[in-house]
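These notes are about the structure you will find just below.
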Amino acid sequence: MKPAPLEYRRAESVEEAVGLLAEGGHDAKVLAGGQSLVPMLNMRLARPALVVDVNRVAGLDGIVAENGHVRVGATCRQRAAERSAPVRERVPLLAACLPFVGHAATRNRGTVGGSIAHADAAAELPLALVALGGSVVAESVRGRREIAADELFVSHFTTALAPDELLVETLWPAARPGTGFAFEELALRHGDYALAMAACALLVEGGAVAEARLVLGAVAARPTLVDVPLAGRAVDAEAVREAAEAARAAVSPSGHLHASPEYLRHVTGVLAGRAVLRAWEEAA
Amino acid sequence: MTAIEVVVNGRRVREEIEPRLLASDFLRHTLGLTGTHVGCEHGVCGACTVRLDGAAVRSCLLLAVQLDGAEVQTVEGLTPDGELTPLQAAFRETHALQCGFCTPGILMAASELLEADAPPTRAEITDLLSGHLCRCTGYEPIVEAIARAAETEPV
Numbered sequence: 005m006k007p008a009p010l011e012y013r014r015a016e017s018v019e020e021a022v023g024l025l026a027e028g029g030h031d032a033k034v035l036a037g038g039q040s041l042v043p044m045l046n047m048r049l050a051r052p053a054l055v056v057d058v059n060r061v062a063g064l065d066g067i068v069a070e071n072g073h074v075r076v077g078a079t080c081r082q083r084a085a086e087r088s089a090p091v092r093e094r095v096p097l098l099a100a101c102l103p104f105v106g107h108a109a110t111r112n113r114g115t116v117g118g119s120i121a122h123a124d125a126a127a128e129l130p131l132a133l134v135a136l137g138g139s140v141v142a143e144s145v146r147g148r149r150e151i152a153a154d155e156l157f158v159s160h161f162t163t164a165l166a167p168d169e170l171l172v173e174t175l176w177p178a179a180r181p182g183t184g185f186a187f188e189e190l191a192l193r194h195g196d197y198a199l200a201m202a203a204c205a206l207l208v209e210g211g212a213v214a215e216a217r218l219v220l221g222a223v224a225a226r227p228t229l230v231d232v233p234l235a236g237r238a239v240d241a242e243a244v245r246e247a248a249e250a251a252r253a254a255v256s257p258s259g260h261l262h263a264s265p266e267y268l269r270h271v272t273g274v275l276a277g278r279a280v281l282r283a284w285e286e287a288a
Numbered sequence: 004m005t006a007i008e009v010v011v012n013g014r015r016v017r018e019e020i021e022p023r024l025l026a027s028d029f030l031r032h033t034l035g036l037t038g039t040h041v042g043c044e045h046g047v048c049g050a051c052t053v054r055l056d057g058a059a060v061r062s063c064l065l066l067a068v069q070l071d072g073a074e075v076q077t078v079e080g081l082t083p084d085g086e087l088t089p090l091q092a093a094f095r096e097t098h099a100l101q102c103g104f105c106t107p108g109i110l111m112a113a114s115e116l117l118e119a120d121a122p123p124t125r126a127e128i129t130d131l132l133s134g135h136l137c138r139c140t141g142y143e144p145i146v147e148a149i150a151r152a153a154e155t156e157p158v
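Protein chains in written order, with the working numbering: chain A, 5 to 288; chain B, 4 to 158.
Here it is as structure tokens:
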């Protein structure tokens, strides 16, 4: 349970960090909050030759509200985002998810960007980013590009980020008037990995759903968008039941020590139904 | 080997360390501060929790080299004069520990919680304790100790 020998470099700027990543290639790994990487180093599930620490890169931890977005810098601590007024006021879904990310002591250190880039299928922040249709900005020596959340998450621990790219910022669309959000999670203990989770964003106009996004997590290899036939309708008991059925049909969880595939599928539907109903009530 | 300079419990130390050395092992083995306990080494049990520049963090999820320039407080640093803090006294009064393995980590996390402006609610205390494994007490005396410390005086 100790890391293998590694070379450690502390980057002071984005330019220095991406330079080190370009040199290190596949053997280099970015160290942000370390709440996922260091356990992997300890268990030797990851053995990078070079660790590039970005914790002291200046200007990478800010939270800025602008142009209908809240931009959260890559090394912004989850705890700081949780306490941030722009996040609480403008991105209520992110604010709702953050208390579920690990524990206070891991959020004190864990970063928003790190959780997104790590892309654990059972992590809350990738789910929220997909539900909101957000994006990330990545930088490398080759340039800078924006990647939509829908394209970013590929599979378990796998993103569209290239090995030489550094995630520098996450972009969270601000809530529009008339939108309701809800996040639902079932875990064995608070702070544990989710058994199943669902996030819903509903835009309601004139007493009916205008836009709906329902996303499931922990029961699939990446945040999974569910096609729910809610547009043009009010959310009633029948709509909730249909959303739950659509959610169950959208996943085929493999099951594990703590829960059978049938149970996970059932719970996914329950959480999805609750998320849709609560988002509707929030929007009303 | 890399040189680091860090203030631990108010004392400035300089050490040459391997970059792969964990902060928990640096505190215990290099500095001999064995009050910080090591349980799971992947962030789950909470026994190794210390304060890093004021924030409660898992020392097993930090490389010691990352402590360079920082201030660290361990359980030994809670009471430089050998007295018990109100929180520690409340732990003793309510029998909030038996084997004591989880205690230093809980004390460090709770000391941060008790610095907040308002006294913590029971829900906030149990939420905090979800990040700390205790196999002796069933947690109730620990909840009581933290609540009692919040009623007395600042930690």
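We put the CB at the ideal spot given by N, CA and C, even for glycine.
These numbers come from a predicted model, not from an experiment.
Can you check DSSP and say which residues form a bridge with residue i?
i: B/Q76; result: B/R54
i: A/D57; result: A/R14, A/L35
i: A/R148; result: A/E143
i: B/V16; result: B/V9
i: A/I67; result: A/V76
i: A/G184; result: A/L206
i: A/S159; result: A/T162
i: A/R292; result: The structure shown does not extend to residue 292 of chain A, since chain A is modelled only from 5 through 288, so no value can be given for it.
i: A/T228; result: A/L220
i: A/R278; result: BP columns for A/R278 are empty, so no partner.
Give a yes or no on whether the C-beta atoms belonging to residue i and residue j are separated by under 8 Å.
i: B/E44; j: A/M5; result: yes
i: A/L229; j: A/V213; result: no
i: B/T37; j: B/S27; result: no
i: A/D124; j: A/F157; result: no
i: A/A276; j: A/A205; result: no
i: A/A247; j: A/L199; result: no
i: B/C102; j: B/H135; result: no
i: B/L131; j: B/A112; result: yes
i: A/E128; j: A/V105; result: yes
i: A/E169; j: A/E209; result: no
i: A/G221; j: A/L131; result: yes
i: B/L90; j: B/A150; result: no
i: A/Y197; j: A/A126; result: yes
Just mark residue i as buried or exposed, buried being the case when its beta carbon has 16 or more other beta carbons within 10 Å.
i: B/Q69; result: buried
i: B/N12; result: buried
i: B/R31; result: buried
i: A/N112; result: buried
i: A/D57; result: buried
i: B/A148; result: buried
i: B/T124; result: exposed
i: A/N71; result: exposed
i: A/P181; result: exposed
i: B/G108; result: buried
i: B/T155; result: exposed
i: A/P227; result: buried
i: A/R146; result: exposed
i: A/A283; result: buried
i: A/G273; result: buried
i: A/G138; result: buried
i: A/A179; result: buried
i: B/E8; result: exposed
i: A/L133; result: buried
i: B/R14; result: exposed
i: A/E189; result: buried
i: A/R48; result: exposed
i: A/H294; result: Residue coverage of chain A in this structure runs from 5 to 288, which leaves residue 294 of chain A outside it and unanswerable.
i: B/R17; result: exposed
i: A/R51; result: exposed
i: B/P83; result: exposed
Assuming residue i contacts residue j under a Cβ cut-off of 8 Å, what Cβ separation, rounded to an integer in Å, is found between them?
i: A/A53; j: A/G117; result: About 23 Å separates the two Cβ atoms, so there is no contact after all.
i: A/G38; j: B/L116; result: Contact flag wrong, Cβ pair sits at about 22 Å.
i: A/S17; j: A/V61; result: 6 Å
i: B/V53; j: B/V47; result: Not a contact, Cβ separation roughly 16 Å.
i: A/E286; j: A/F185; result: 6 Å
i: A/C80; j: A/G63; result: Not quite, the Cβ-Cβ distance comes to about 11 Å (not below 8 Å), so this is no contact.
i: A/L10; j: B/R138; result: In fact, because the Cβ distance is near 33 Å, the residues do not count as touching under 8 Å.
i: B/E74; j: B/V10; result: 5 Å
Quick one, which residues of the region 68 to 79 of chain B are near chain A if we go by CB-CB under 7 Å, in chain order?
-> V68, Q69
Mind checking the region 7 to 29 of chain B against chain A and listing, in chain order, the residues whose C-beta falls within less than 8 Å of any C-beta there?
-> E21, P22, R23, L25, D28
If you measure beta-carbon to beta-carbon, which residues of the region 41 to 66 of chain B are closer than 8 Å to chain A?
-> E44, H45, G46, G49, T52, L55, A58, A59, V60, R61, C63, L64, L65, L66
May I ask you to list, following chain order, the residues of the region 28 to 57 of chain A that have a beta carbon less than 7 Å from some beta carbon of chain B?
-> G38, Q39, V42, P43, N46, M47, D57
Just by C-beta distance, which residues in the region 166 to 195 of chain A are closer than 9 Å to chain B?
-> R193, H194, G195
Give the residues from the region 104 to 121 of chain B that approach chain A closer than 9 Å (Cβ to any Cβ), ordered along the chain.
-> G108, M111, A112, E115, L116
Note down, in chain order, all residues in the region 126 to 138 of chain B with a beta-carbon under 7 Å from any beta-carbon belonging to chain A.
-> D130, L131, S133, G134
Residues from the region 83 to 117 of chain A in contact with chain B, defined by Cβ distance under 7 Å = H107, A108, A109, T110, N112, R113
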